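Participant: Would you mind keeping the following structure in view while I ask a few things?
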Amino acid sequence: MKTNRIAAPTTPLSHLWLKEIATKPLSPIASELRKRVSEEILLDKSKPDFPAKLVEAWRKYGFAVVSDSSIRRDLFKSAYDVNRRFFDLPLEYKKQLG
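Below is the structure:
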């Protein structure tokens, strides 16, 4: 069985557009939405409903933010770096993977 190799691009893409969006003022509706969403994704692991809220945030938003985590910061940084490199790849390349 022959397997095809996919060459990964080496030129990183910029996230500057994200910084530009983050600095723009929000409309009142967007501000309220941000507040409501942040209440659903900022989770405290000491609360009894933490497991259910964590799963709910993953299902609804695809991520969650956990306060007071015992996971080492270097592991978060490493996972973020891998994630960022993947999402920096061109869409055509990522489509070939899936």
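Start counting at 1 in the sequence shown, then tack on 24, and there's your number in the working numbering.
For every residue, glycine included, the Cβ atom is placed at its ideal position computed from N, Cα and C.
These figures come from a predicted structure and were not determined experimentally.
1. Between which two residues does the beta strand (DSSP E) harbouring L67 extend?
2. From R97 to V90, what does the alpha carbon distance come to, in whole angstroms?
3. If you measure between the beta carbons of K77 and L67, is that distance less than 7 Å?
4. Since A103 is in the alpha helix (DSSP H), which residue starts that stretch and which ends it?
5. Report yes if the CB atom of A81 is closer than 7 Å to the CB atom of E64, and no otherwise.
6. Quick one: give me the first and last residue of the alpha helix (DSSP H) that P75 is part of.
7. Quick check: the Cα distance between D94 and K69, rounded to an integer number of angstroms?
8. At the level of alpha carbons, what is the spacing between L115 and L121?
Facilitator: Result, derived from the coordinates:
1. Where L67 is concerned, the enclosing beta strand (DSSP E) stretches over L66 to D68.
2. Annotation: R97 to V90 spans about 13 Å, alpha carbon to alpha carbon.
3. Taking the C-beta atoms as reference points, L67 is found nearer than 7 Å to K77.
4. Element bounds for A103: R97 to D112.
5. Remark: C-beta atoms of A81 and E64 approach each other more closely than 7 Å.
6. Counting along the chain, the alpha helix (DSSP H) containing P75 begins and ends at F74 to Y85.
7. In the sequence as displayed, the identity of residue 94 is Ser instead of Asp. Those two C-alpha atoms are separated by around 10 Å.
8. Their Cα atoms are separated by approximately 10 Å.
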